[in-house]
Every structure is written in C-alpha cells, then in structure tokens.
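Asker: In my numbering, the protein residues as written are 284 to 569. Ideal placement from N, C-alpha and C gives every residue a C-beta, glycine not left out. Keep in mind it's a predicted model, so treat the numbers as computed, not measured.
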C-alpha cells in the first residue's frame, strides 16, 4: 500500500538534511516538491472527479489549472467537472480548450461532442464527430453517433450505431434504454419493450428503463405491471405512469383505477398521482 504523505515527509527530510551540509538550495527544494506534488496531485485529481461535489471539483480544477495552465490533465478535470455540475455552456468552452491543446486525443473530441449535445448544439456535435477518424471506435463515440442519427430520424443508422455501441461495453443498460426510447418515439412499442427489458436485466436499479417499459406496455394496451424488481415507491410511481398512459390511449376508466391504486400503494402521500386523478375526475364531471 502506498503512503504518499510518508513519502513526502521522507523526501522533505532528505532535502533539508542535504541543505544542512551545503547550505539550503531553495531551487532544489522547489524542484523536489514539484515532483511530489505532481504524484500526489494526480491522486487528488482522481478523487475530486469521482467523489467530490461537482461544484467543489470545478473550484479545485479552476485553481489548479490557473496555476499550471499547460497541464492538459487539469484542463480535462475542469471540463469533466463542469459537465458533472450541469454547467454545460462552460463545459463546452472548457472541452474546446482541451481539444485545442496539441496533446489532445480523439477521446477529448468525443467528450467535446458529448458536451455539445448536452448543450443542445447538435450540428456542431455532428461536425466534431465527423472529424474524428473512423478507426477510433469506442462505445461513447457510437452512442453519440446513434443519438445524432435519432435526432435526424435516420432510424437505420441509429439502430446500427446503437448495436455497435452495445457490443463495445460491458455495461450496456443505459444505451439499451436510449435505444428503446428511440423505438418508442418511432411507434415500435414491442421493440422498445424488448430493449427496456434487456436494460433492466443488465441493471436492475435503472428506474428510467422501468418507467419506459411501463410506457411501452401501456401504449400497447397492456396495463399489467411487468415482473421486474421494484420497491414499494417505485411500484406506486410505475402505476402512476401506467395510469397516465391508459388515459392518453383513451382508456379513462382504467386510468382512473390505476391512479387510485398508485395513491394507495405509495407509503406516503403521493401528490403527483393525487393531482392527476383530481384533474381527471374534474374534467370528467365537467
């Protein structure tokens, strides 16, 4: 197990002892500490990106990069932190600065395209991806390509990109969910249901996929909750979603029953379902 703090103390002691013999060389001390700080700083960068509050990470990387503007790892950390903090406009600018660095990589360009999509700049994102060599084949690149194809309703291309992305990751649940939602928007409800089911099989805690699965089933007139792992609160929320899907399909009485069941199922007061039911009953009376 590494002990960076102990190593730092040892190095400090070595430098000070050397200074006692020949007179302290402050430049040598600075050089020694720069080396230690780079090692320890790299570990701190990883911590800030993985467990820190995103806005705290932004502040950390802003300070660090302003002190050492040529460090591309610090520029990347700032860009990643801004996206995590949902400061997408700033994130786009930060990733653009990373890409302008001569040490940038194709992965950095993919991250810029991701930031642009998050900022609703689809055309710029497509331009960035098109400039990346086709030999750069990564999960994230193909997932973004699929999303852009979706936005242009190029369904065959989207399916091809989604399929490739699924094959390039060991955790395909989120891309399966995206692919399923693409099928849902096209009206391919059975195809969407299959993909949402596969997404949940890969990641049982993915509630978005559960909710989308209920929408896909409800759109086909199937108002029975799927057999998937769910908490009591999730069950109530899924019943609410299914009730709304039933109403949208014209099955108003069924929808009312599902909303009442959602309210009864929820362990606390279910305000959203209560409002939906009240609005529906008021509309029916009027």
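For residue 455, does the count of other Cβ atoms within 10 angstroms reach 16, so buried, or fall short, so exposed?
Answerer: For the purposes of this step, residue 455 is taken as the residue at position 172 of the chain shown. That one is buried.
Asker: Using 8 Å as the cut-off, can you tell me whether the region 412-430 makes contact with the region 373-385, which would need three or more C-beta pairs spanning the two stretches below that distance?
Answerer: Short answer: they don't touch.
Asker: Can you tell me whether DSSP reads residue 505 as helix, strand or coil?
Answerer: Translated into positions along the chain shown, residue 505 becomes position 222. Three-state result, residue 505: coil.
Asker: Below 8 Å CB to CB, which residues in the same chain sit around residue 452 once its five sequence neighbours on both sides are set aside?
Answerer: Against the chain shown, residue 452 aligns to sequence position 169. 422 and 458, listed in sequence order.
Asker: Between residue 476 and residue 499, is the Cβ-Cβ spacing less than 8 Å?
Answerer: Here the question's residue 476 lines up with position 193 in the chain shown. Here the question's residue 499 lines up with position 216 in the chain shown. For residue 476 and residue 499, yes; Cβs fall inside 8 Å.
Asker: Check the C-beta distance from residue 367 over to residue 337 and give it rounded, since I have them as a contact under 8 Å.
Answerer: Start at 1 with the first residue of the chain shown, and residue 367 comes out as number 84. Start at 1 with the first residue of the chain shown, and residue 337 comes out as number 54. Residue 367 to residue 337, Cβ: 4 Å. Contact.
Asker: Please classify residue 470 as buried or exposed, where buried requires at least 16 other C-beta atoms within 10 Å of its C-beta.
Answerer: For the purposes of this step, residue 470 is taken as residue 187 along the chain shown, with counting starting at 1. Exposed: under 16 other Cβ atoms inside 10 Å.
Asker: So, helix, strand or coil for residue 570, using DSSP?
Answerer: No answer is possible for residue 570: it lies beyond the span of the chain, which begins at 284 and ends at 569.
Asker: In whole angstroms, what separates the C-alpha of residue 399 from that of residue 543?
Answerer: In the chain shown, counting from the first residue as 1, residue 399 sits at position 116. In the chain shown, counting from the first residue as 1, residue 543 sits at position 260. Taking the straight line from one Cα to the other gives about 42 Å.
Asker: So is residue 404 in contact with chain C if we call contact Cβ pairs under 8 Å?
Answerer: In the structure shown, chain C cannot be found, because there is only a single protein chain.
Asker: With a 10 Å radius around its C-beta and 16 neighbouring C-beta atoms as the bar for buried, classify residue 530 as buried or exposed.
Answerer: Numbered from its first residue, the chain shown carries residue 530 at position 247. By the neighbour-count rule (16 or more Cβ atoms within 10 Å), residue 530 is buried.
Asker: Under the assumption that residue 512 contacts residue 487 (Cβ atoms under 8 Å), give the Cβ distance between them as a whole number of angstroms.
Answerer: For this step, residue 512 is matched to residue 229 along the chain shown. For this step, residue 487 is matched to residue 204 along the chain shown. Indeed they touch by this definition, with Cβ atoms about 5 Å apart.
Asker: Tell me the start and end of each unbroken beta strand (DSSP E) in the region 423-452 that is at least 3 residues and wholly inside, in chain order.
Answerer: Runs found: none.
Asker: Quick check: the Cα distance between residue 479 and residue 536, rounded to an integer number of angstroms?
Answerer: Residue numbering aside, residue 479 sits at position 196 when the chain shown is read from its first letter. Residue numbering aside, residue 536 sits at position 253 when the chain shown is read from its first letter. The alpha-carbon atoms of residue 479 and residue 536 are separated by roughly 27 Å.
Asker: Going by the CB atoms, is the gap between residue 483 and residue 467 shorter than 8 Å?
Answerer: Sequence index remark: in the chain shown, residue 467 carries index 184 (1-based). Sequence index remark: in the chain shown, residue 483 carries index 200 (1-based). No, these two residues do not count as a Cβ contact at 8 Å.
Asker: Is there at least one non-hydrogen atom of the ligand ZN closer than 7 Å to the beta-carbon of residue 469?
Answerer: For the structure depicted, the ligand ZN is absent and the ligand set is empty, with no information on it obtainable.
Asker: Compare the Cα-Cα distances from residue 385 to each of 564, 328, 350 and 354 and report the closest residue.
Answerer: Within the chain shown, the letter at position 102 stands for residue 385. With distances taken between Cα atoms, residue 385 lies closest to 354.
Asker: Measure from the alpha carbon of residue 563 to the alpha carbon of each residue in 356, 547, 548 and 528, then state which is nearest.
Answerer: Here residue 563 refers to the residue found at position 280 of the chain shown. Out of 356, 547, 548 and 528, 528 has the C-alpha closest to the C-alpha of residue 563.
Asker: Go through its chain and collect everything with a Cβ distance to residue 321's Cβ below 7 Å, but skip five positions before and after it.
Answerer: Indexing the chain shown from 1 puts residue 321 at position 38. Bear in mind that the predicted position of residue 321 carries a pLDDT of just 44, short of 50, making it too unreliable to give a figure here.
Asker: I'd like the list of long-range same chain contacts for residue 447, defined as Cβ closer than 6 Å, with 5 residues on each side in sequence excluded.
Answerer: Here residue 447 corresponds to residue number 164 of the chain shown, with the count starting at 1. If we look at residue 447 and ignore the five residues flanking it on each side, its Cβ neighbours are 425.
Asker: Restricting to Cα atoms, I'd like to know which of 507, 374 and 361 is closest to residue 332.
Answerer: Translated into the one-based positions of the chain shown, residue 332 becomes position 49. Comparing Cα-Cα distances from residue 332 to each of 507, 374 and 361, the minimum goes to 361.
Asker: Looking at the secondary structure, which residues open and close the alpha helix (DSSP H) in which residue 413 lies?
Answerer: By 1-based counting over the chain shown, the position of residue 413 is 130. Unbroken alpha helix (DSSP H) run through residue 413: 405-413.
Asker: If you reduce the DSSP assignment to three classes, tell me which class residue 328 lands in.
Answerer: Sequence index remark: in the chain shown, residue 328 carries index 45 (1-based). Helix at residue 328.
Asker: Return the first residue and the last residue of the alpha helix (DSSP H) that residue 360 is part of.
Answerer: Working through the chain shown from its first residue, we reach residue 360 at position 77. 355-367 is the span of the alpha helix (DSSP H), which, as asked, contains residue 360.
Asker: Give the DSSP-derived three-state secondary structure of residue 420 in the structure shown.
Answerer: Position 137 of the chain shown, counted from the start, is the residue given in the question as residue 420. Note: residue 420 maps to coil in three-state DSSP.
Asker: Output needed for residue 550: all residues of its chain with C-beta closer than 6 Å, excluding positions within five of it in sequence on either side, in chain order.
Answerer: Here residue 550 refers to the residue found at position 267 when the chain shown is read from its first residue. 515, listed in sequence order.
Asker: Just the Cα atoms here: how many angstroms apart are residue 541 and residue 504?
Answerer: One-based indexing of the chain shown puts residue 541 at position 258. One-based indexing of the chain shown puts residue 504 at position 221. So the two alpha carbons sit approximately 13 Å from each other.
Asker: Going along the chain, which unbroken runs of the alpha helix (DSSP H) with 4 or more residues stay wholly within the region 491-560?
Answerer: Counting whole runs of 4 or more residues, the region 491-560 contains the alpha helix (DSSP H) stretches 515-532 and 535-548.
Asker: By the three-class DSSP mapping on this structure, what secondary structure does residue 321 have?
Answerer: The count along the chain shown starts at 1 and reaches residue 321 at position 38. Its pLDDT being 44, under 50, residue 321 is placed unreliably by the model, and the measurement read from it follows with that caveat. In this structure, residue 321 counts as helix in the three-state DSSP scheme.
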